[in-house]
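> To convert a position in the sequence shown, counted from 1, into my numbering, add 1.
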Amino acid sequence: MAQRSVVLDTETTGMPVTDGHRIIEIGCVELIGRRLTGRHFHVYLQPDRESDEGAIGVHGITNEFLVGKPRFPEVADEFFEFIKGAQLIIHNAAFDVGFINNEFALLGQHERADITQHCSILDTLLMARERHPGQRNSLDALCKRYGVDNSGRELHGALLDSEILADVYLTMTGGQTSLSLAGNGADGGAGDGMRASEIRRLSADRQRGRIIMASEAELAEHQARLEAIAKSAGGPALWTQLLETQQ
């Protein structure tokens, strides 16, 4: 069975959680087998306290907007059922997990007050720091690095950020990002102790693979992705540059 993952983000009244700050927005999108399913969980919450001005400056969610919104106890069961058993993909997971655990603890639901007992956690911030040490690894920085369109992200928002993070995660983990054909040597090949793979010749009379051409819809999606990369990077994508040099 394909793995079920939930990309999750929260917005809060401020930080840290130990100062009594609360969650005011939860946004989640579902992935099954590395594919977005279209299922999501999204809610704004009445925190019964005011948000810090600095926090409002980040997410733009005012105290007035939250008046009349449900409180966490009203959505706790639905939220828990949505994330239970899933791999949670979170950017800076310690922050969000700490707030979620606190909300369940305030309800007296101590069996849910450690969601790591019900879900596995994948922190994309830690993953990015391992892959890009010494570089900026905020969500906006990763969008620029991986060509993910975040042009609609003027302010933070839990659902929007979870959707963007899903694209970033799928791009970051989408497979091979560099090609090394050389073995151990001074020409930039594999690291110390690694050897080049043996070349295997294929039989000339082997069964030929079927060539599947891209459909018009797939070509249109490809072009849209190139345009998004160009917009994010401030210049044409490498693929576009290569095509231009060949024409």
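Quick reminder that beta carbons are idealized off the backbone N, C-alpha and C, glycines included.
#1: Verify whether the separation of the beta carbon atoms of Ile90 and Leu166 is less than 8 Å.
#2: Near Gly47, which residues of its chain fall below 6 Å by C-beta distance, leaving aside the five closest residues on each side in sequence?
#3: Apart from the five residues on each side of it in sequence, which residues of its chain come closer than 6 Å, Cβ to Cβ, to Lys145?
#4: On the DSSP bridge list, what partners appear for Leu227?
#5: Nearest to Glu82 by CA position, among Asn64, Asp53 and Cys29, is which residue?
#6: Three or more beta-carbon pairs under 8 Å between the region 207-219 and the region 119-139, yes or no?
#7: Is the distance from the Cβ of Gly86 to the Cβ of His119 below 8 Å?
#8: In chain order, what residues of the same chain lie with their CB nearer than 7 Å to the CB of Pro74, ignoring the 5 residues before and after it?
#9: Using a threshold of 8 Å, state whether the C-beta atoms of Ala77 and Gly15 are closer than that.
#10: Helix, strand or coil for Leu67, going by three-state DSSP, please let me know.
#11: Determine the contact status of Ile25 and Ile62, defining contact as a CB-CB distance below 8 Å.
#12: Taking the straight line between their C-alpha atoms, what separation do you get for Val7 and Ser121?
#13: For a minimum of 3 consecutive residues, which ranges assigned as the beta strand (DSSP E) are wholly contained in the region 115-166?
#14: Indicate whether His92 and Leu140 have their beta-carbon atoms separated by less than 8 Å.
#15: By a C-beta neighbour count over all protein chains shown, 10 Å radius and 16 as the cutoff for buried, is Thr11 buried or exposed?
#16: Is it the case that the Cβ atoms of Gly148 and Ala229 are separated by a distance below 8 Å?
#17: Could you give the DSSP three-state label for Lys4: helix, strand or coil?
#18: Determine, using beta carbons only, whether Asn102 and Ala94 come nearer to each other than 8 Å.
#19: Can you give me the C-alpha to C-alpha distance between Gly236 and Leu227, rounded to a whole angstrom?
#20: In chain order, what residues of the same chain lie with their CB nearer than 7 Å to the CB of Ala187, ignoring the 5 residues before and after it?
#21: Can you give me the C-alpha to C-alpha distance between Leu220 and Tyr170, rounded to a whole angstrom?
#22: From Asp20, Thr19, Ile27 and Ile33, pick the residue whose C-alpha is nearest to that of Ala3; which is it?
#23: Can you tell which of Ala225, Glu164, Glu112 and Thr172 has its C-alpha closest to the C-alpha of Gly39?
Checking against the coordinates, here is how it stands:
#1: Yes, the Cβ-Cβ distance between Ile90 and Leu166 is below 8 Å.
#2: Residue identity check: residue 47 is Gln in the sequence provided, not Gly. Only Leu67, Lys70 and Arg72 meet the Cβ criterion.
#3: For Lys145, where only same-chain residues beyond five positions count, the Cβ hits under 6 Å are Ser233.
#4: Beta-bridge pairing links Leu227 to no other residue.
#5: Nearest of Asn64, Asp53 and Cys29 to Glu82, Cα basis: Cys29.
#6: No: the two stretches stay apart, fewer than three of their Cβ pairs being nearer than 8 Å.
#7: Yes, they are a contact pair.
#8: If we look at Pro74 and ignore the five residues flanking it on each side, its Cβ neighbours are Leu108.
#9: Their beta carbons are not under 8 Å apart, which means Ala77 does not touch Gly15 by this criterion.
#10: In the structure shown, Leu67 sits in coil (DSSP, three-state: anything other than H, G, I, E or B).
#11: Between Ile25 and Ile62, the C-beta spacing is below 8 Å.
#12: Rounded to whole angstroms, the separation of the alpha carbons of Ser121 and Val7 is 10 Å.
#13: Every beta strand (DSSP E) stretch that sits fully inside the region 115-166 and reaches 3 residues is listed by chain position as 121-124.
#14: Contact: yes.
#15: Classification of Thr11: buried, given that the 10 Å Cβ count is 16 or more.
#16: In terms of Cβ geometry, Gly148 and Ala229 form a close pair [threshold 8 Å].
#17: Inspection of the sequence shows that residue 4 is occupied by Gln rather than by Lys. The three-state reading of DSSP puts Gln4 in coil, since its state is none of H, G, I, E or B.
#18: With contacts defined by Cβ atoms closer than 8 Å, Asn102 and Ala94 do not form a contacting pair.
#19: Taking the straight line joining both Cα atoms gives about 10 Å.
#20: The predicted position of Ala187 is uncertain, since its pLDDT is 40 and thus under 50; a value taken from the coordinates is nonetheless stated next. Cβ neighbours of Ala187 beyond the five flanking positions: none.
#21: Straight-line spacing of the CA atoms in Leu220 and Tyr170 works out to 23 Å.
#22: The option with the nearest alpha carbon to Ala3 is Ile33.
#23: The shortest C-alpha separation from Gly39 is found at Glu164.
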